[in-house]
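Letter by letter, the sequence shown follows residues 1 to 206 in the working numbering.
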Amino acid sequence: MDERSLAVTRRSLHGVAELVLAGPQYRHSSDIRLRVVPGGFATVVMPDLRVDGVTLVTPTASVPLAGSLAELADRVGVEARRLDDVYSGGPEFRPDDRIEIDPQAARVLADAFAHGDSALRALAPAEEPVLWPEHFDVGISVGEVNYGVSPGDDTIPEPYAYVGPWTPRTGDFWNQPFGAARPMSELPDAAAVLAFFRAGAEAANA
1 MDERSLAVTR RSLHGVAELV LAGPQYRHSS DIRLRVVPGG FATVVMPDLR
51 VDGVTLVTPT ASVPLAGSLA ELADRVGVEA RRLDDVYSGG PEFRPDDRIE
101 IDPQAARVLA DAFAHGDSAL RALAPAEEPV LWPEHFDVGI SVGEVNYGVS
151 PGDDTIPEPY AYVGPWTPRT GDFWNQPFGA ARPMSELPDA AAVLAFFRAG
201 AEAANA
């Protein structure tokens, strides 16, 4: 998978997550949280919207992820909404941004989210993983340590798992300014991601 396809697909899916799912959900319920589901991600309350691969699914229809963010929203009966009034420093998508999805890249990102979600639930069964539309990562916080999976960003251009203590730590495990990260290409399944999280928990509490 080439870096450009991942980056372009990640940005488009991030835009869908914020403007087409989280934005309309916030208008309806004042809740921006999303959740990981097989093939992608979904709202947690109304409107009932789910991304599955390269398709946006509603209770009554399935439409391809294509056109602009505003056009996609209109096709499923919602209005694209930015979340600038909820958080600052977000991705600054516009309703007229065009969607460009590579199916293989979408699968890579969906698999990363799925493995991360499973690992987080095994790490802390009492916690509910949240896919946040601001940074487009799925995560939890336990004992003042953040655990999660990102689909990639400007710093690390591929999906990665992370451990981020609220208070900085020092030592070999901590390889990023925010804590520790490991590419998902080195963590082939949920068990490997869980092992990384547990190693991070041990290092954070050492």
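Note that CB positions come from ideal geometry on N, CA and C, so glycine has one too.
In terms of alpha-carbon separation, which member of the options lies closest to residue i?
i, options, result
"P47", "A73, D84 and V8", "A73"
"V76", "E158, A61, A66 and V86", "A61"
"W166", "G179, R11, D154 and F173", "G179"
"E202", "T43, G164 and G53", "G164"
"R155", "D172, N205, P183 and F173", "Note that residue 155 corresponds to Thr in the displayed sequence, not to Arg. It is P183 whose Cα lies nearest to the Cα of T155."
"F93", "S12, T58, A204 and P125", "S12"
"T170", "A204, Y147 and P157", "A204"
"D85", "S30, V149 and P177", "S30"
"L120", "Y160, L109 and V149", "V149"
"D153", "P125, L109 and G116", "L109"
Assuming residue i and residue j form a contact by the criterion Cβ under 8 Å, report the distance between their Cβ atoms to the nearest whole angstrom.
i, j, result
"V78", "V20", "7 Å"
"L123", "L194", "6 Å"
"A80", "A70", "5 Å"
For residue i, which residues from the same chain have a beta carbon less than 7 Å from its beta carbon, with the 5 sequence-adjacent residues on both sides left out?
i, result
"F41", "A17, L34, R35, V51, F113 and L131"
"L83", "E18, A22, G23, Y26, I32, G90 and P133"
"F136", "H14, A17 and P151"
In this structure, how does DSSP classify residue i when only helix, strand and coil are distinguished?
i, result
"G39", "coil"
"P103", "helix"
"T55", "strand"
"D111", "helix"
"S118", "helix"
Residues in the same chain with beta-carbon distance under 6 Å from residue i, minus the five sequence neighbours each way, listed in chain order, please.
i, result
"R98", "S68"
"E127", "I140"
"S118", "A190"
"V44", "R33 and R35"
"P157", "E3"
Excluding sequence positions up to five away, which residues of its chain have a Cβ less than 8 Å from the Cβ of residue i?
i, result
"N146", "G139, I140, Y162, V163, G164, P165, W166 and G179"
Exercise for the section: Take every Cβ of the stretch 3 to 11, pair it with every Cβ of the stretch 102 to 120, and state whether three or more of those distances are shorter than 8 Å. Expected result: yes
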